[in-house]
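Inspection log for the structure reproduced underneath, given as structure tokens.
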Amino acid sequence: MASGFFALLDDISVLMDDVLVMSKVSAKKTAGILGDDLAVNAEKASGFVSSRELPVLWAITKGSFFNKLIILPFAFLLSAFLPSVITFILILGGLYLAYEGVEKILEYTVPHKHTVVKGASEAMSEIEILALEKKKVKSAILTDFILSIEIIIIVLGTVLDQSITIQITVVSMISMIATVGVYGIVALIVRMDDFGLKLIQMSKGKKNSVHFIGVTLVNALPVVIKSLSVVGTVALLLVSGGIFIHNIEIFHHLLESFPGVLRDLIFGLSAGIITLLVVKLSKRVVKPFLKKA
Numbered sequence: 000m001a002s003g004f005f006a007l008l009d010d011i012s013v014l015m016d017d018v019l020v021m022s023k024v025s026a027k028k029t030a031g032i033l034g035d036d037l038a039v040n041a042e043k044a045s046g047f048v049s050s051r052e053l054p055v056l057w058a059i060t061k062g063s064f065f066n067k068l069i070i071l072p073f074a075f076l077l078s079a080f081l082p083s084v085i086t087f088i089l090i091l092g093g094l095y096l097a098y099e100g101v102e103k104i105l106e107y108t109v110p111h112k113h114t115v116v117k118g119a120s121e122a123m124s125e126i127e128i129l130a131l132e133k134k135k136v137k138s139a140i141l142t143d144f145i146l147s148i149e150i151i152i153i154v155l156g157t158v159l160d161q162s163i164t165i166q167i168t169v170v171s172m173i174s175m176i177a178t179v180g181v182y183g184i185v186a187l188i189v190r191m192d193d194f195g196l197k198l199i200q201m202s203k204g205k206k207n208s209v210h211f212i213g214v215t216l217v218n219a220l221p222v223v224i225k226s227l228s229v230v231g232t233v234a235l236l237l238v239s240g241g242i243f244i245h246n247i248e249i250f251h252h253l254l255e256s257f258p259g260v261l262r263d264l265i266f267g268l269s270a271g272i273i274t275l276l277v278v279k280l281s282k283r284v285v286k287p288f289l290k291k292a
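Residue numbering for the sequence shown follows numbering that gives the first Met the number 0, starting at 0 and increasing by one per position.
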């Protein structure tokens with residue numbers, strides 16, 4: 000009886016060791032998407048009235064957890080019965096990430112008209128503000144759903160050769176950590192300027208260190224969000240490039256003499272440019288038919 004108990008403990012310890020190792024690998028693979036997820040959600044959760052920022056963020060966080068509950072069972076069923084589909088979805092996700100990365104670079108570098116979105120203001124009624132808030136929350140949850148699919152599929156792709164127990168444990172763990180981690184950091188970011196404002200008020204007009212820190216925090220918020228967006232864009236290309244190299248056999252031995260990061264970036268950037276051209280060409284071809292319809 001005792002030997003059986005200790006054997007069970009040994010099996011559990013081995014399983015947890017495998018889970019930790021695979022979790023580290025999976026976390027590294029999804030770091031790029033998490034960076035983009037963080038940048039997107041920090042941008043979407045900001046711009047509200049100060050008293051509504053955290054409630055809005057909590058609503059988005061609950062939506063994110065619900066997204067995971069929808070996606071995870073389908074992902075595990077695919078892994079159990081159609082594992083080859085996971086690789087196919089992974090490559091499609093890589094194309095989407097590459098496309099998104101290149102599109103963001105295009106947005107940064109090529110001048111274009113920006114659509115002005117009406118934000119919440121004191122002139123709006125409470126009903127209008129709540130309606131706008133609800134619309135932005137729905138948009139953020141939809142974006143989270145897309146990014147959650149990418150994260151879960153990428154994590155699942157790293158543990159496909161493991162037992163179903165390890166797959167479920169690792170993917171579920173990374174999914175939950177991603178949600179708590181991303182939205183926890185977003186909460187700190189969107190409250191950064193409020194904390195800075197409190198420090199400015201505490202300084203009572205004196206130009207001391209407290210006032211300096213407060214002003215720095217207030218001015219840092221847009222810079223932080225912009226920096227996260229840039230880092231997230233580069234990370235998207237790196238992650239997508241890694242997906243192609245590791246899952247498409249013809250790419251395994253191309254550019255092997257290049258540093259790993261540069262190699263991933265080249266593949267991600269190339270795939271993104273090709274995908275962007277295909278998408279734009281498809282839109283031009285389909286557009287005349289849509290007008291006739």
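Beta carbons: idealized from backbone N, C-alpha and C, even for Gly.
In this text, all values refer to a predicted model and were calculated from it rather than measured experimentally.
* Do S174 and K61 have their C-beta atoms closer together than 7 Å? -> no
* Are there 16 or more other CB atoms within 10 angstroms of the CB of T178, so buried, or fewer, so exposed? -> buried
* Below 8 Å on the Cβ atoms is my guess for I59 versus Y182; work out the distance and round it to an integer in Å. => 7 Å
* **Contact set for I167: own chain, Cβ-Cβ below 7 Å, skip 5 residues either direction** => F75
* C-alpha gap between Y107 and V229, whole angstroms -> 9 Å
* **alpha helix (DSSP H) segment containing L159, residue limits** => No alpha helix (DSSP H) contains L159, which DSSP labels as neither H nor E.
* Report buried or exposed for V277, applying the criterion of at least 16 other Cβ atoms within 10 angstroms of its Cβ. => exposed
* Identify whether K203 lies in helix, strand or coil by the three-state DSSP scheme. => coil
* Kindly list the residues whose CB is nearer than 6 Å to the CB of G271, restricted to its own chain and excluding five residues on each side of it in sequence; keep chain order. => A97, Y98, G100, V101
* **Straight-line gap, M201 to F194 (C-alpha atoms, nearest Å)** => 11 Å
* A104 burial status per 10 Å Cβ neighbour count (16 or more: buried) -> Note that residue 104 corresponds to Ile in the displayed sequence, not to Ala. By the 10 Å Cβ count, I104 comes out buried.
* Give the straight-line distance between the Cα atoms of A139 and P54, rounded to the nearest whole angstrom. => 14 Å
* To do: Whole angstroms is fine: what's the gap from I88's alpha carbon to K286's?
  => 27 Å
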